[in-house]
Amino acid sequence: MKVVIASDHGGVNLKKTVAEYLSEKEIDFTDLGPDSTESVDYPDYAKPVAEKVASGEYDRGILICGTGIGMNITANKTKGIRCALVHDTFSAKATRSHNDSNILAMGERVIGPGLALEVVDTWLNTEFEGGRHERRVCKIEE
Numbered sequence: 166m167k168v169v170i171a172s173d174h175g176g177v178n179l180k181k182t183v184a185e186y187l188s189e190k191e192i193d194f195t196d197l198g199p200d201s202t203e204s205v206d207y208p209d210y211a212k213p214v215a216e217k218v219a220s221g222e223y224d225r226g227i228l229i230c231g232t233g234i235g236m237n238i239t240a241n242k243t244k245g246i247r248c249a250l251v252h253d254t255f256s257a258k259a260t261r262s263h264n265d266s267n268i269l270a271m272g273e274r275v276i277g278p279g280l281a282l283e284v285v286d287t288w289l290n291t292e293f294e295g296g297r298h299e300r301r302v303c304k305i306e307e
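In structure tokens:
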């Protein structure tokens, strides 16, 4: 699995924690930045991640900002993207198994690093169930 991650200034610290987790788990990932807490515009980071996932260059993406909301909205403007804003493991599992989400959005100001890593782990390790859910996902894509 290839993962692409990015944040804005409000999510850079949690993004670094997620990047460390991905490295420890030997998951192939690319970090598109930023590397500091200097103010940046979240669409400048969410859009490239969404485009790379939509094109198939990467299997999944992870976006982090202060709340996750801006990143989520921006990513979902890209055709083929099903980005889910998640701050609990139940939703992380559901959005993968039922919605086949391909980008995870989280908010650093909303979730602590321990729970965030549980969410990431759950989200990365849950497969899409298909079946009745496939029909629904196809309707989203229409």
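Just so we're aligned: 209 in our numbering is position 44 of the sequence shown, and the numbers increase by one with no gaps anywhere.
Where a beta carbon is used, it is the ideal one built from N, C-alpha and C, also for glycine.
Owing to the predicted nature of the structure, the values given are computational and were not obtained by experimental measurement.
Spatially closest choice to residue i from the options, by CA coordinates
| i | options | result |
| --- | --- | --- |
| E273 | M236, E294 and F293 | M236 |
| K244 | Y210, V218 and G198 | V218 |
| F194 | N178, A211, S220 and G226 | G226 |
| P208 | S201, N290, A240 and V168 | A240 |
| R300 | L250, D265, I238 and E216 | D265 |
| L289 | E191, T232 and N178 | E191 |
| G221 | K167, A184 and K242 | K167 |
| C230 | I246, I305, R247 and G277 | G277 |
Backbone secondary structure at residue i - three-state DSSP
| i | result |
| --- | --- |
| L197 | coil |
| R225 | strand |
| K258 | helix |
| I234 | helix |
| G272 | strand |
| K167 | strand |
| S188 | helix |
Pair within 8 Å by beta-carbon distance, residue i and residue j
| i | j | result |
| --- | --- | --- |
| S172 | K180 | yes |
| M271 | H298 | no |
| L282 | Y186 | yes |
| V214 | I268 | yes |
| T311 | A257 | Since the displayed the chain opens at 166 and closes at 307, residue 311 lies outside it and no answer follows. |
Same chain, Cβ closer than 8 Å to residue i, five either side skipped, listed in chain order
| i | result |
| --- | --- |
| T210 | Note that residue 210 corresponds to Tyr in the displayed sequence, not to Thr. Cβ neighbours of Y210 beyond the five flanking positions: A171, S172, D173, L197, G198, P199, L228 and M236. |
Residue i: CB within 7 Å of a non-hydrogen atom of the ligand ZN
| i | result |
| --- | --- |
| A215 | The model on display carries no ligand, and the ligand ZN is accordingly not part of it. |
Sequence-distant residues of its chain with Cβ nearer than 6 Å to residue i (five each side left out)
| i | result |
| --- | --- |
| V205 | D173, H174 and P199 |
| E292 | none |
CB contact below 8 Å: residue i versus chain D
| i | result |
| --- | --- |
| D265 | Structure shown: chain D not included; a single protein chain is present. |
Same chain, Cβ closer than 7 Å to residue i, five either side skipped, listed in chain order
| i | result |
| --- | --- |
| V275 | T232, G233 and H252 |
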